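K.L.:
The structure follows.
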Amino acid sequence: DGGRLERSGSHDSSEVDGVDLITIDAGWTKLELILPIVKNFLKPDGLIIALLKPHYEADKRDLIKGVLPSEIAERVKNQVLEKIVHCKLYIVNCIDSPILGGAGNREYLLLLKP
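Numbering (our numbering), first residue to last: 38 to 151.
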């Protein structure tokens, strides 16, 4: 059932076997809160593709009319990448998303593995 995890909530892993791939496109919830939970659902050789949205990771006071300035977005991205490493995940790749987020915010696609 492809939507079983989405409908059950990410905190309930009782019915989920290890999976090969997890994709994350979350708004309003920081990756540092999501990744420690979802990595437990992965098979040992599984992968995570996550969309990093610095405007959701940053302090709200850094936003200017909903937009995070590029230099702050870069700093926030680097801070999140450090937290990912501390979460015991390996960053295989990090690229600029070809699609801008809401209000033109820069976003990044991450490929992660345990």
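In this text, a Cβ means the ideal position worked out from N, Cα and C, and glycines have one as well. The structure displayed is predicted, hence computed values, not measured ones.
#1: From what residue to what residue does the alpha helix (DSSP H) around V75 run?
#2: Please state if the CB of A87 and the CB of L147 are separated by a distance shorter than 8 Å.
#3: With distance defined between alpha-carbon atoms, name the residue in K114, A140, L89, K76 nearest to I101.
#4: List the residues that DSSP assigns as beta-bridge partners of Y127.
#5: Do the CB positions of I128 and L149 come within less than 8 Å of each other?
#6: Can you name, in chain order, every residue of its own chain whose Cβ lies under 6 Å from the Cβ of K90, other than the five neighbours on each side?
#7: List the residues that DSSP assigns as beta-bridge partners of V104.
#8: Take the Cβ of H123 as the centre, count every other Cβ of all protein chains shown within 10 Å, and call the residue buried at 16 or more, exposed below.
P.N.:
Let's see:
#1: Residue numbering aside, residue 75 sits at position 38 when the sequence shown is read from its first letter. First-last of the alpha helix (DSSP H) with V75: 68-75.
#2: Reading the sequence shown from its first residue, position 110 is the one you call residue 147. Reading the sequence shown from its first residue, position 50 is the one you call residue 87. A contact, by the Cβ cut-off of 8 Å.
#3: The residue labelled residue 101 in the question sits at position 64 within the sequence shown. Per the Cα distances, A140.
#4: Start at 1 with the first residue of the sequence shown, and residue 127 comes out as number 90. The partner list for Y127 (beta bridge, DSSP) reads K150.
#5: Within the sequence shown, the letter at position 91 stands for residue 128. Within the sequence shown, the letter at position 112 stands for residue 149. The answer is yes: Cβ separation under 8 Å.
#6: Taking the first residue of the sequence shown as 1, we reach residue 90 at position 53. For K90, where only same-chain residues beyond five positions count, the Cβ hits under 6 Å are G138, E144.
#7: Working through the sequence shown from its first residue, we reach residue 104 at position 67. The partner list for V104 (beta bridge, DSSP) reads I101.
#8: Taking the first residue of the sequence shown as 1, we reach residue 123 at position 86. So H123 counts as exposed.
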